[in-house]
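In the UniProt record's numbering, the protein residues as written are 1 to 193. For reference, the structure is listed below as structure tokens.
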Amino acid sequence: MMKVLTGALVALGLSSGAALAAPKDPSGTWLTEDGRARIRVEKCPSRADRICGYAVWLKTPNDDKGQPRVDFKNADAKKRGRPSLGHQLIMGLKANADNRYEGQIYNADDGKLYDVSIWTEEPGELNIRGCLMGFLCGSQTWTRVSDTVPGQLTGPTGAPNGPRADAEWAAAPKPAPAAAAAKPAAPAAAPKP
């Protein structure tokens with residue numbers, strides 16, 4: 001009897017595990033809750049199992065001097081001069097057990113990375129929940145947009161008039177170097193008589 005019960009529980013566990021679905025694909029262009037940006041969410045160029053996102057439109061693309069905004073608050077000094085329009089802010093989120101995508105999101109307003117989870121429940125809405133240090137959390141709902149507005153980047157990621165992936169997400173991962181082919185050993189010199 002115990003074997004039958006154990007077998008039934010294992011079968012039930014396997015069938016319920018198989019029934020778990022992947023999170024809904026959040027790909028598309030989304031207007032942030034405050035209306036200040038449009039974010040294009042898509043599979044990462046280098047990892048199709050991950051989700052990346054890029055600022056493809058900014059309500060205020062120029063600074064007070066009329067120059068294109070740059071990411072001057074970035075903790076990485078090499079990224080402080082990059083244009084704000086087109087930069088990557090969703091960093092390779094991966095699916096989790098809660099049918100959401102999780103990972104990190106970059107906030108150009110303060111130059112910090114936040115832990116984030118994103119998911120869709122309604123067709124036209126993307127739910128965003130971000131946390132700093134695990135307990136300072138906030139949520140937003142972004143709205144799907146299908147139109148194009150003046151100043152919006154419409155090209156593919158990495159192409160002209162398209163957003164730019166950060167270096168670690170731009171190219172396909174390089175394969176591990178193959179083991180060096182063993183060189184045949186040189187024949188031993190024959191002993192001299």
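Just so it is clear, CB atoms sit at the ideal spot from N, CA and C, and this is done for glycine as well. Just so it is clear, the structure is predicted and the values come from calculations on it, not from any experiment.
Judged by DSSP secondary structure, Glu168 falls within the alpha helix (DSSP H) whose first and last residues are 167-170.
Relative to the Cα of Leu136, the nearest Cα in the group Val116, Cys52, Asp71 belongs to Val116.
Bounds of the beta strand (DSSP E) holding Arg144 are 136-145.
Per DSSP, Val41 is one residue of the beta strand (DSSP E) stretching across 37-43. Judged by their CB atoms, Arg40 and Val56 are nearer to each other than the 8 angstroms cut-off. Taking a 10 Å sphere around the C-beta of Arg36, we find fewer than 16 other C-beta atoms and assign the residue as exposed.
In the DSSP assignment, Val70 falls outside any beta strand (DSSP E), carrying neither H nor E. Partner residues in the beta bridge of Val116, as assigned by DSSP, are Gly103, Gly130.
If you compare the alpha carbons of Asp64, Glu102, Thr148, Ser146 with that of Lys24, the shortest gap goes to Glu102.
Per the coordinates, the alpha-carbon of Ala170 lies some 11 angstroms from the alpha-carbon of Pro163. Here Cys52 is actually not in contact with Ile105; their C-beta atoms are around 11 angstroms apart, not less than 8 angstroms. When the beta-carbon positions are compared, Asp49 and Lys94 come within less than 8 angstroms of each other. With contacts defined by Cβ atoms closer than 8 angstroms, Gly138 and Gly151 do not form a contacting pair. If you ignore the 5 residues before and after Arg47, its C-beta comes within less than 7 angstroms of the C-beta of Gly92, all in its own chain and listed in chain order.
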